[in-house]
Amino acid sequence: MANALTRIVSPLIDQNPVTRQILGVCSALAVTTSLDTALMMSLALTTVICLASAIISLIRHHIPHVIRLIVQITIIASLVIVIDELMRAFAFELSRALSVFVGLIVTNCLVLGRAEAFAMRNPVRPSVLDALGNGLGYSLILIVVGSIRELLGQGSLLGVTLLTPVEDGGWFQPLGLMQLAPAAFFIIGLLIWAIRSARADQVEPAQYQLAGDRGRG
Amino acid sequence: MADPTLSRWRFLSRNNDDPVKIVGVASLTAVTCAVLVASAATLLEPRQQAHLEAERAARMAAMLDTLPGMGELLAETGADGLTTYLVDLASGQIVPDMAAADYDANAAANDPETAVAIPASQDLARLRQRAPLAPVHILERDGGVALIVLPVSGTGYQSRIEALLALEADLNTVAALTITAQGETAGLGSRIEDPDWQALWPGRELADASGQIVIDVVRGQASGPHQVDGISGATRTGHGVADMLRYWMGPHGFGPFLDQLRDGGL
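Heads up: the sequence lines are chains C and G, in that order. Those letters in the first sequence? Residues 1 to 217, per our numbering, in order. Those letters in the second sequence? Residues 1 to 266, per our numbering, in order.
Rendered as structure tokens:
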């Protein structure tokens with residue numbers, strides 16, 4: 001049980017797919033202009049990654065090694081299309097806001113990464129827990145970034161105005177930059193910095209060092 | 001497993017490097033996924049279409065709201081909105097006794113029984129075929145046209161573009177253009193949906209003094225009443241929009257109907 005808990009908890013901060021493994025950054029930039037799109041994307045990705053890991057883990061003994069990546073991608077792509085169709089039928093406005101990015105979950109390294117690295121080698125239960133943990137880790141970053149960007153960029157959260165903008169007679173001057181993609185880079189960068197300051201073991205050793213510097217360490 | 005002849009026919013117990021197993025697993029995966037995707041798409045289509053339809057209606061209402069003087073026009077004419085007619089595009093006649101609401105132009109354009117082929121030489125919008133009838137929305141005043149809204153469609157850089165074109169009483173000046181559907185490159189061609197770009201359209205004239213349809217979307221600075229600024233990086237999308245309007249205003253599109261309106265009114 002402790003083991004199962006670790007699988008879910010460890011990707012939240014320690015092995016977070018976005019801040020530690022730097023995966024899925026593209027979509028993290030694109031869909032975090034507001035909290036509701038970030039939540040919807042988190043839900044879509046977590047669903048896809050859990051289902052994909054479950055299915056791939058279930059048939060892992062029968063996936064021929066030479067075509068394993070094609071089989072994995074086919075399964076993931078089909079799930080993504082189904083999720084996309086479901087969203088267009090039941091969450092039309094949000095699917096408009098997310099536009100191509102739901103479809104691009106296919107190319108999110110996170111999903112294929114967990115399938116290839118974990119689900120191909122492990123039974124269904126741990127695979128699903130691992131996928132759920134990674135999905136939640138990704139969601140956590142998206143929700144944090146989405147909240148900061150919507151609050152500072154529009155003065156609202158989930159569309160509810162919290163800081164009344166100057167235009168509507170309030171005091172808050174919305175930061176237009178927060179609605180642009182670079183803001184997500186800054187916030188994710190600051191998050192990585194904060195996490196690595198708190199947990200020094202996450203800092204990678206320098207890959208290339210000048211010979212003279214080595215002695216001084 | 002004990003019987004070797006039996007295990008040879010047992011597909012799943014084959015070695016994973018066996019060619020039959022490789023092809024078999026690939027085919028099984030493909031077929032299963034195809035069935036899943038196809039059934040999701042088919043089962044959910046009615047719901048999705050309903051959303052798209054609602055969105056189209058909302059955009060039309062939004063477009064009419066943005067038209068200057070629309071409120072006064074409605075008050076003046078005493079009408080509470082637009083009347084929708086079905087037009088036979090070839091003859092330019094209004095089809096009586098047929099409810100426009102029941103007619104599905106998209107379905108009629110795709111159904112080989114009803115679709116009308118567009119001759120290649122006239123197919124500016126690259127549609128290949130269109131429906132024989134089209135709905136038009138007209139605001140009447142004194143038996144004449146005060147405003148007309150025409151549904152148009154065409155081909156952009158990578159997708160089908162659908163739009164509503166509102167014309168003023170002279171049937172030549174654009175009152176508004178609203179893109180209702182497109183799947184152009186996000187951030188480039190898709191900006192034809194931006195209100196800023198669509199705001200460039202009102203006041204443009206489609207045909208010149210001789211009646212030739214000359215409306216165009218140009219690179220750089222537009223000049224004259226027949227040109228609209230294109231979007232940088234979306235040249236072909238801009239051309240797609242211009243070609244779409246040229247086709248639908250032309251002799252194979254709404255041309256005959258508009259001629260009749262000019263000659264004798266409704």
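Even for Gly, the Cβ is constructed at its ideal location relative to N, Cα and C. Owing to the predicted nature of the structure, the values given are computational and were not obtained by experimental measurement.
Per-residue burial, C/Gly159 [other beta carbons within 10 Å of its own, 16 or more giving buried]: Under this definition C/Gly159 is an exposed residue.
7 Å Cβ shell around G/Glu205 - same chain, five flanking residues per side excluded: Once the five neighbours on either side are set aside, the close Cβ partners of G/Glu205 are Asn172, Thr173, Pro225 and His226.
Chain-ordered neighbours of C/Phe92 on chain G, where CB pairs are closer than 8 Å: Gln48, His51 and Glu55
Endpoints, the alpha helix (DSSP H) within which G/Tyr157 is located: No alpha helix (DSSP H) holds G/Tyr157; DSSP gives it neither H nor E.
Cross-chain neighbours of C/Ile63 in chain G, by beta carbon under 9 Å: Asn16, Val25 and Thr29
At least three beta-carbon pairs within less than 8 Å, the stretch 31-42 of chain C to the stretch 124-134 of chain C: The stretch 124-134 of chain C and the stretch 31-42 of chain C do not touch, with fewer than three beta-carbon pairs separated by less than 8 Å.
Residue burial classification, G/Ser153 (beta-carbon count within 10 angstroms, cutoff 16): buried
Inter-residue CB distance, G/Thr114 and G/Pro135 (contact presumed, cutoff 8 Å): Rounded, the Cβ-Cβ distance is 15 Å, inconsistent with contact.
Whether G/Arg236 touches G/Tyr157 by CB criterion (8 Å): yes
Residue environment, C/Gln154, which counts as buried when at least 16 other CB atoms sit within 10 Å: Result: buried.
Under 9 Å from the C-beta of C/Leu86: neighbouring residues of chain G: Chain G residues near C/Leu86: Ala40 and Leu44.
Contact the stretch 187-198 of chain C vs the stretch 16-30 of chain C: 3+ CB pairs below 8 Å: With the cut-off at 8 Å, the stretch 187-198 of chain C and the stretch 16-30 of chain C touch.
Spatially closest choice to G/Gln48 from C/Leu86, C/Phe185, C/Ile81 and C/Gln207, by CA coordinates: C/Leu86
Cα-Cα separation between C/Leu23 and C/Val9, rounded to whole angstroms: Straight across, the Cα-Cα distance linking C/Leu23 with C/Val9 is about 18 Å.
Chain D residues whose Cβ lies nearer than 7 Å to that of G/Leu12: Although the question refers to chain D, the structure presented lacks it and instead comprises the protein chains C and G.
C/Tyr208, enclosing beta strand (DSSP E) - first and last residue: Unbroken run through C/Tyr208: none, as it is neither H nor E.
Proximal residues of chain G, C-beta to C-beta of C/Ala181 below 7 Å: Those do not exist, as C/Ala181 stays about 10 Å from chain G at its closest Cβ, beyond 7 Å.
Of the residues C/Gly133, C/Arg88, C/Leu94 and C/Ala97, the one placed nearest C/Leu110, counting alpha carbons only: C/Gly133
Segments assigned alpha helix (DSSP H), at least 4 residues, entirely inside the stretch 27-98 of chain C: 35-58, 68-90 and 92-98
Cα-Cα separation, C/Leu136 to C/Phe101: So the alpha carbons of these two residues sit roughly 18 Å apart.
Contacts that G/Ala234 makes with chain C (C-beta to C-beta distance below 8 Å): None at all; the shortest Cβ gap to chain C is about 16 Å.
8 Å contact criterion, which G/Asp259 and G/Gly92 should meet: CB distance rounded: 6 Å
Local Cβ density within 10 Å of C/Leu5, reported as buried at 16 or more and exposed below that: exposed
Buried or exposed (CB count within 10 angstroms, at least 16 for buried), C/His220: No answer is possible for residue 220 of chain C: it lies beyond the span of chain C, which begins at 1 and ends at 217.
Pairwise C-alpha distance: G/Asp97 and C/Gly176: Just so you know, the alpha carbons of C/Gly176 and G/Asp97 end up roughly 54 Å apart.
Assigned exposure category for C/His65 - 16 Cβ within 10 Å defines buried: By the beta-carbon neighbour count (other beta carbons within 10 angstroms, threshold 16), C/His65 is exposed.
Whether G/Ile270 touches G/Arg246 by CB criterion (8 Å): This structure cannot speak to residue 270 of chain G, because chain G is shown only from 1 to 266.
Three CB pairs or more closer than 8 Å across the stretch 23-39 of chain G and the stretch 71-82 of chain C: Touching, per the Cβ criterion.
Residue closest to G/Ala166, alpha-carbon to alpha-carbon, out of G/Pro202, G/Pro251, G/Val228 and G/Ala125: G/Pro202
For C/Ala181, the three-state DSSP class (helix, strand or coil): helix
Per-residue burial, G/Gln275 [other beta carbons within 10 Å of its own, 16 or more giving buried]: The displayed coordinates of chain G run from 1 to 266. Any statement about residue 275 of chain G would go beyond what the structure contains.
Straight-line gap, C/Gly217 to C/Leu29 (C-alpha atoms, nearest Å): Because C/Gly217 carries a pLDDT of 44, less than 50, the predicted location of this residue cannot be relied on, and the following value inherits that uncertainty. The straight-line gap from Cα to Cα measures roughly 36 Å.
Proximity to G/Ile118 [Cα-Cα], best of G/Pro112, G/Arg130 and G/Asn110: Closest by alpha carbon: G/Arg130.
Backbone CA spacing between G/Trp197 and G/Gly189 [nearest angstrom]: 11 Å
Bridge partner(s) assigned by DSSP for G/His137: G/Thr84 and G/Val149
Local conformation of C/Phe118 per DSSP, three classes: helix
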